[in-house]
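A.B. asks: The opening position of the sequence shown corresponds to residue 85 in my numbering, with each subsequent residue numbered one higher. Got a structure here, written out as structure tokens. Questions coming.
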Amino acid sequence: MARLSKEFLSKWEDLVDGVEKTDVPIECIKRIVIRLTDGRRRYLNITTLRRKGMDQDELEQVLNAKLDEYHGKIENVDFFVDVEAVAKLVQPDTDGLLQRFND
Numbered sequence: 085m086a087r088l089s090k091e092f093l094s095k096w097e098d099l100v101d102g103v104e105k106t107d108v109p110i111e112c113i114k115r116i117v118i119r120l121t122d123g124r125r126r127y128l129n130i131t132t133l134r135r136k137g138m139d140q141d142e143l144e145q146v147l148n149a150k151l152d153e154y155h156g157k158i159e160n161v162d163f164f165v166d167v168e169a170v171a172k173l174v175q176p177d178t179d180g181l182l183q184r185f186n187d
């Protein structure tokens with residue numbers, strides 16, 4: 085797998101930071117912090133679960149189960165986005181779109 089340059093990733097970090105994250109594909113999430121109304125936090129490390137062999141459907145099930153477990157007690161959910169995954173997911177479409185403008 086090709087590594088993306090720091091400059092390339094920096095541009096994507098700027099883009100991702102400026103986007104409201106209300107619907108993030110599970111393949112683009114590194115970890116999640118669930119902030120509870122009583123001040124406690126619950127952590128879900130998606131990257132670790134992925135390394136253990138969970139597929140996307142299993143990851144979504146784990147996340148949904150965790151959110152259901154704390155339903156009514158959640159103040160906020162923080163998604164930590166995998167910028168490299170976002171770039172790899174979106175860049176081919178971006179390249180295709182830009183190519184059409186250059187033709």
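In this text, a Cβ means the ideal position worked out from N, Cα and C, and glycines have one as well.
#1: Compare the beta carbon distance of K157 and L120 with 8 Å and say whether it is the shorter of the two.
#2: At the level of alpha carbons, what is the spacing between L173 and K114?
#3: Output yes or no for whether 8 Å exceeds the beta carbon distance between V165 and C112.
#4: Do V117 and D152 have their C-beta atoms closer together than 8 Å?
#5: Roughly how many angstroms separate the alpha carbons of T131 and V170, rounded to a whole number?
#6: In the DSSP output, which residue or residues are listed as bridge partners for N129?
#7: In three-state terms, what does DSSP make of D141?
#8: Let me check one thing: in DSSP terms, what residues is D162 bridge-paired to?
C.D. replies: Short version:
#1: Yes; because the gap between Cβ atoms is below 8 Å, this pair is in contact.
#2: L173 and K114: Cα-Cα distance of roughly 15 Å.
#3: If you check the CB distance, V165 and C112 come in under 8 Å.
#4: No, these two residues do not count as a Cβ contact at 8 Å.
#5: When only Cα atoms are considered, T131 and V170 end up about 14 Å apart.
#6: Here N129 is bridged, per DSSP, to R115.
#7: Assigned with DSSP and collapsed to three states, D141 falls in helix.
#8: Partner(s): V117.
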